[in-house]
Structure formats: C-alpha cells, structure tokens
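These notes are about the structure you will find just below.
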Amino acid sequence: MKTRNRRRLTADVALVLVGAAFVLPLAWVLLSSVDADANLRVKLPAHPTLDNFDAVLKPDITFTPLLNSLILCGGATLLTVVCAALAAYPLSRYRSRLNTPFLTTTLFATCLPITAVMVPVYALFVQVNLIDTMSGTIYFFTASQLPFAIWLMKNFMDGVPKELEEAAWTDGANTFQSLIRIVLPLMGPGVAVVTVFSFTMMWGNFFVPFMLLLSPDQMPASVSINDFFGNRGTVVYGQLAAFSILYSTPVILLYVLVSRRFGGGFALGGAMKG
Amino acid sequence: MVLFLAGPIAYCAYIAFTDLQLTGQAESSFVGFDNFTAAFRDDAFLNAVRLTLVFTFLSSIVGQNTLGLALAALMQRASKPVRTVTGAVVVTAWVLPEVVAGFLLYAFFRREGTLNAILDWLHLPSQNWLFTLPILAVSFANVWRGTAFSMLVYSAALSEIPKEVTESAEVDGANSWQRLWHITLPMIRRSIGTNLMLNTLQTLSVFGLIWVMTRGGPGNRSQTLPLFMYEQAFQKSMIGYGTAVALLLLVVGSLFSLVYMRLLRTEA
Numbered sequence: 001m002k003t004r005n006r007r008r009l010t011a012d013v014a015l016v017l018v019g020a021a022f023v024l025p026l027a028w029v030l031l032s033s034v035d036a037d038a039n040l041r042v043k044l045p046a047h048p049t050l051d052n053f054d055a056v057l058k059p060d061i062t063f064t065p066l067l068n069s070l071i072l073c074g075g076a077t078l079l080t081v082v083c084a085a086l087a088a089y090p091l092s093r094y095r096s097r098l099n100t101p102f103l104t105t106t107l108f109a110t111c112l113p114i115t116a117v118m119v120p121v122y123a124l125f126v127q128v129n130l131i132d133t134m135s136g137t138i139y140f141f142t143a144s145q146l147p148f149a150i151w152l153m154k155n156f157m158d159g160v161p162k163e164l165e166e167a168a169w170t171d172g173a174n175t176f177q178s179l180i181r182i183v184l185p186l187m188g189p190g191v192a193v194v195t196v197f198s199f200t201m202m203w204g205n206f207f208v209p210f211m212l213l214l215s216p217d218q219m220p221a222s223v224s225i226n227d228f229f230g231n232r233g234t235v236v237y238g239q240l241a242a243f244s245i246l247y248s249t250p251v252i253l254l255y256v257l258v259s260r261r262f263g264g265g266f267a268l269g270g271a272m273k274g
Numbered sequence: 275m276v277l278f279l280a281g282p283i284a285y286c287a288y289i290a291f292t293d294l295q296l297t298g299q300a301e302s303s304f305v306g307f308d309n310f311t312a313a314f315r316d317d318a319f320l321n322a323v324r325l326t327l328v329f330t331f332l333s334s335i336v337g338q339n340t341l342g343l344a345l346a347a348l349m350q351r352a353s354k355p356v357r358t359v360t361g362a363v364v365v366t367a368w369v370l371p372e373v374v375a376g377f378l379l380y381a382f383f384r385r386e387g388t389l390n391a392i393l394d395w396l397h398l399p400s401q402n403w404l405f406t407l408p409i410l411a412v413s414f415a416n417v418w419r420g421t422a423f424s425m426l427v428y429s430a431a432l433s434e435i436p437k438e439v440t441e442s443a444e445v446d447g448a449n450s451w452q453r454l455w456h457i458t459l460p461m462i463r464r465s466i467g468t469n470l471m472l473n474t475l476q477t478l479s480v481f482g483l484i485w486v487m488t489r490g491g492p493g494n495r496s497q498t499l500p501l502f503m504y505e506q507a508f509q510k511s512m513i514g515y516g517t518a519v520a521l522l523l524l525v526v527g528s529l530f531s532l533v534y535m536r537l538l539r540t541e542a
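Residue numbers (this note's numbering), protein chains in the order written: chain A, 1 to 274; chain B, 275 to 542.
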C-alpha cells in the first residue's frame, strides 16, 4: 500500500509540473485581458479592469468577425452534417461493391494535408469566381470536413440496430422517413459529436478563410485577430487577450458540453474504431 | 436509394472536379517537370524540407507522442483532482483556435515574455527564443497544442489493458520499466502506430501556428513547407511553383495516409 501511495504522489507531482507548464500561456491570456497595462509577461494585474473588453466589444472589432465566423462555420457545419448523414446511410445499411472503395477513399481524403490543397483551390476559385465569397468558402469548408464527418457518421450509424428500422418499413415508412425519424434520432449523440467536431475544426481554422476571403468586412474572427498586430500600430496586448477569450469561448463551451454528456475524447471513439 | 446515393456521388463528382482542375491548373502553369526540378535545386525549398522534417520529428514524433503517452500513463496512477485539472488544461490548449494558440505562445516565447521571466527568476540565461531558436519555439508550440490528442488516444488504449496482466507481472517481480517495455508498449502498439501517423499528418500541414508566431522567419529559419508554398504562390505570385510544392506535400501526405490505412486494416 505504501509503495502505491508513493507512486501516486510521484505521478501527481509530475502531472502538476506538466500542467503548470501548459497553464502558463493560458494564464497570460486570462490575466492580461483584465489588465490595463498588459505586456507579454504573466503577472497579476495591478489594477484589474474590464476596459479591454469594453474596447473590443465594438461592431467592427468583435461582432462582425464573430458573426462572419458564425455564418461561415454554421453554414458549413449544417451542410456537412446533412451531406454526411445522407452519405453515411447507404454506406451503413446497404452492401454494395462500391462501399469499401468509397470508404477507403474517404479515409484517405481525411488524412491529406489540407494546407497543401489550398494553392490549387485558390487558383480554381479565381477561375470560377468564388474567390472572396462567403458561399465559396462555405463549400470548401464543407468539402474539407466531409470525409471525416462521413467516416464518423458511418461508425455511429452502424451502432443503430437494423430491426427498428425494419419495423418502421413494415409500418409503411420509406427509407428517407426512416432515416429522419428513426435512425438519426437514435444516433443523436453521434450527430451531436459530428456537428460539434466539425464546427470546432472550422471555427479555429485560419488558413482557409485567410486565403479564400479578401475583403475585410467578410473576415471571420480567426483572420481578423491578425489586425491587432499589424494594421493598428502598436499592439494593445490587453485587448488582444480580451478578444482571444471572446473568440475562444464558444468552442470551449461546446467542447465542455459535449464531453460532459458523452465522455472525454468524444471524437476519438468513432475515429479510431476503423 | 437513388437519393441516398446522390450525396456521395455528388461528393465524388466534386472531388473529381477539383482533381481535374487541380491537374489542369498545374499543367497550364508549368512546363513539364521544370517546377519540380527547380524545386530540388532551390536552396530555399531544400531548407523548407529540412525544417519540415525537424519540425515534424521534434514536435510530433518526439514531443506530442512521447509526452502524450507519459501523461496518459501518469494519469492512470494520479489522484483524481490532479488528473482532472491537468487533463482539462491540456485539452483546453487543444481546443483553442489555432491563431489564439499561436498568440499565446508568441507571448510566451518573446524576449519580454513569460519564459524569459521564469529563466531570469531561476538565474538562467535568457534569450530571444523566436530569434535564436525559432524552429525549436514553434515545435514547442505545436507540442503544447497537439499533445492532448495523443493523451486521449493513449488514455483510451491504456484503459483497455486488462488489470490482471499488469498485476501478475508485478507479482512476478517486474519493475515499472520492465512492465512498460514488455507489456504495456506491445499491447498498445497499434494505437502508437495510428497516433504517430495522425500526428505526423497533422503536423505536416500546420500553418497558422507558425505564421502567427514567426511568419517563417527570421529570414527563413522556421519556414516549413506550407509557409514556403504560401510565400512562393502568393507573395511571389508563382502559383505554378507553389502548386508544384503543394503537390509534393500532398504526395508525402498520401504516402503517410496509405501507411495509416494499412495499419487500420491489420487492426480490423
């Protein structure tokens, strides 16, 4: 028993040390956001204040970019989930010779470095006039997120027993109805996971809107945060920190909500099953 | 049935469409393999390749993977509050948007930043990390951001190891290192493979983090392939050349991807 206690203590100390190293940058953002004269060091604010939040809570600094983010990510997430559900259903329910190649392709596409695709996509978007449009960016977001979403969705869908659906068919429901009424509600947690995961991925994505959108009034928060550095002269670290917090809050909340309900590492369950 | 197949088919068509345009674009702006031969003769490109290798090796293979495994292993033994708090912190770093993470670590590594403050306090020599060791700084940043994934994967894997196995080994007198080496690692070797693969792929395409922290600089000392590609294609307007670099990056990604699928298949 004694060795076990000692071992636990060692583990605790080691974890606390690593945790402290991880927490330092986070502490900076939290403390600086309420510090009137914030610099780059972690320090307790001499005069705690909410001025930084006041300064950034303006339409052109916070609300427009966050709204843009919301439109982009919300639209793309919706599209992703709908497409993924429609694609996953036949993959999960019907045996077809195409299934395996399709799934292999999806998995393959999931793994490709999306960054590498951006240059050709930019060139393509210029040609088809989708550059600097919200809709174009939404399509691309959707396309880039779909492989993984389909993959996750299929794994969740496999967990819904077929018998329930067969019962619905006997009662005269067609396949589409049974998908909407029976399968999707039963895999509610799965759908939630796919939704939240897609949304989080896109919310944080910097490169895609950075490349595909040009006009400042369409920029989502991930890109507009750059303005704190270059265009506005000297960097006001306090405001930068305040904005970072505002911008990060939604995804953290979503993550907490989902992992509370469905257990930690939620996205991995489906992904690692193969 | 037709309706349900329409989704995937439309998606396939979209992919095929992009692929078509992709190669079309590459062909129209490059003359034979000139871009590729040029790339391999370009010192800046070779530098980017080297940096990408260093970055991937340090941050993904050594950093995220090992630290993730260590954290997961420690968590098995630690007391509950410590486990919860540390876990939450590490996962928060992971959930944060890429750009925000970039800023946080930029602040951390700057000359007047937190790291130097701590070093001063410990009477250790401080330096301008982003200037003297940019690639090391961004690698650390990537470890900070990405370790949670490995930690979650390994936690899941470790919790699936039956207790009896480790306990009987303990009874037989194996010390912790022996247990780790002979029992734990072999039992989670598939997770290790999958995790390494995913980490590597993820790390290959990191852009925002490095962009925010160093813009690939100073000079080009932290310019990994994605940043190099961006510079060529947009700041120097050589889309053709940029695309060639992108294709090379894609090929590397595909190779990793194929290995990854192999791993999954043997698992199934």
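Cβ atoms here follow ideal geometry from the backbone N, Cα and C, with glycine treated the same way. Model, not experiment: these values are computed from the prediction.
In chain order, what residues of the same chain lie with their CB nearer than 8 angstroms to the CB of L432(B), ignoring the 5 residues before and after it? A346, A347, Q350, T458 and I462
Check your understanding: Going by C-alpha distance, which of V439(B), A381(B) and S424(B) is nearest V29(A)?
Key -> A381(B)
Please classify D394(B): does DSSP put it in a helix, a strand, or coil?
-> helix
Report the residue from P189(A), M219(A), P185(A) and S92(A) whose alpha carbon sits nearest the alpha carbon of W203(A). M219(A)
C-alpha distance - L389(B) paired with P460(B), whole-angstrom precision:
37 angstroms
task: Can you grab the Cα-Cα spacing for the pair V417(B) / G342(B), in whole Å?
output: 9 angstroms
Open item on the list: Quick check on Y94(A): does DSSP put it in helix, strand or coil?
Closed with: coil
Tell me, please, whether the CB atom of M461(B) is closer than 8 angstroms to any CB atom in chain A? no
Which residues in the same chain have their Cβ closer than 7 angstroms to the Cβ of T195(A), if we skip the five residues on either side of it in sequence?
T77 and V81
Requested in this report: Compare the C-alpha of V119(A) against each of Q338(B), A520(B) and L529(B) and name the closest.
Outcome: A520(B)
Practice problem: Please decide whether F63(A) counts as near chain B, where near means a Cβ-Cβ distance under 8 angstroms. | Solution: no
Grouping DSSP H, G and I as helix and E and B as strand, with all else coil, what is I462(B)? coil
- Three-state secondary structure assigned by DSSP to F481(B): coil
Would the beta-carbon of V160(A) fall within 8 angstroms of that of L186(A)? yes
- Query: In three-state terms, what does DSSP make of R7(A)?
  - Reply: helix
Using three-state DSSP, classify A300(B) as helix, strand or coil. Low confidence applies to A300(B): its pLDDT is 44, below 50, so where it sits in the model is not reliable enough to give any reading.
Suppose contacts are defined by Cβ-Cβ distances below 8 angstroms. Is T326(B) in contact with T440(B) by that definition?
no
_Residue-chain proximity (S198(A), chain B), Cβ-Cβ < 8 angstroms_ = no
For a contact meaning CB atoms closer than 7 angstroms, what does P408(B) contact in chain A?
The premise fails here: P408(B) is roughly 17 angstroms from chain A at the closest Cβ pair, so nothing lies under 7 angstroms.
How would you call A534(B), buried or exposed, if buried means at least 16 neighbouring beta carbons within 10 angstroms? In the sequence as presented, Ala is not what sits at residue 534(B); that position holds Tyr. Flag for Y534(B) reads buried.
| Under a CB-based cut-off of 8 angstroms, is D12(A) close to chain B? | yes
Practice prompt. Using a Cβ cut-off of 7 angstroms, pull out every chain A residue sitting near S353(B), in sequence order please.
Written response: R8 and D12
Please report how far the alpha carbon of V191(A) lies from the alpha carbon of E165(A), in whole angstroms.
18 angstroms
Give, in chain order, every residue of the region 325–353 of chain B whose Cβ lies closer than 9 angstroms to some Cβ of chain A.
L341, A344, L345, A347, L348, M349, Q350, R351, A352 and S353
message = Given this structure, state the Cα-to-Cα distance separating P408(B) from L379(B), to the nearest angstrom.
response = 12 angstroms
Task: Where the alpha helix (DSSP H) through R357(B) begins and ends - done: K354 to V369
ask   = Any C-beta of chain B sitting closer than 8 angstroms to the C-beta of W169(A)?
value = no
| said: Please state the DSSP three-state secondary structure of N174(A). | reply: coil
- Where does G447(B) sit, in a helix, a strand or coil, going by DSSP? coil
Exercise for the section: Please look up how many angstroms separate the CB atoms of A242(A) and S69(A), rounded, as I've assumed it's under 8 angstroms. Expected result: No, A242(A) and S69(A) are not in contact; Cβ-Cβ is about 17 angstroms, not under 8 angstroms.
Status (buried if at least 16 other CB within 10 Å, exposed otherwise) for L24(A) | buried
Terminal residues of the alpha helix (DSSP H) in which G136(A) lies: M134 to M157
Beta strand (DSSP E) runs contained entirely in the region 316–349 of chain B, provided each spans 3 or more residues:
none
Own chain, CB closer than 8 angstroms to S215(A), minus 5 neighbours either side, in chain order
D132
* To do: Can you tell me which of the three DSSP states M219(A) falls into?
  => coil
Worksheet item: Can you tell me the Cα-Cα spacing of D171(A) and T360(B), whole angstroms?
Response: 52 angstroms
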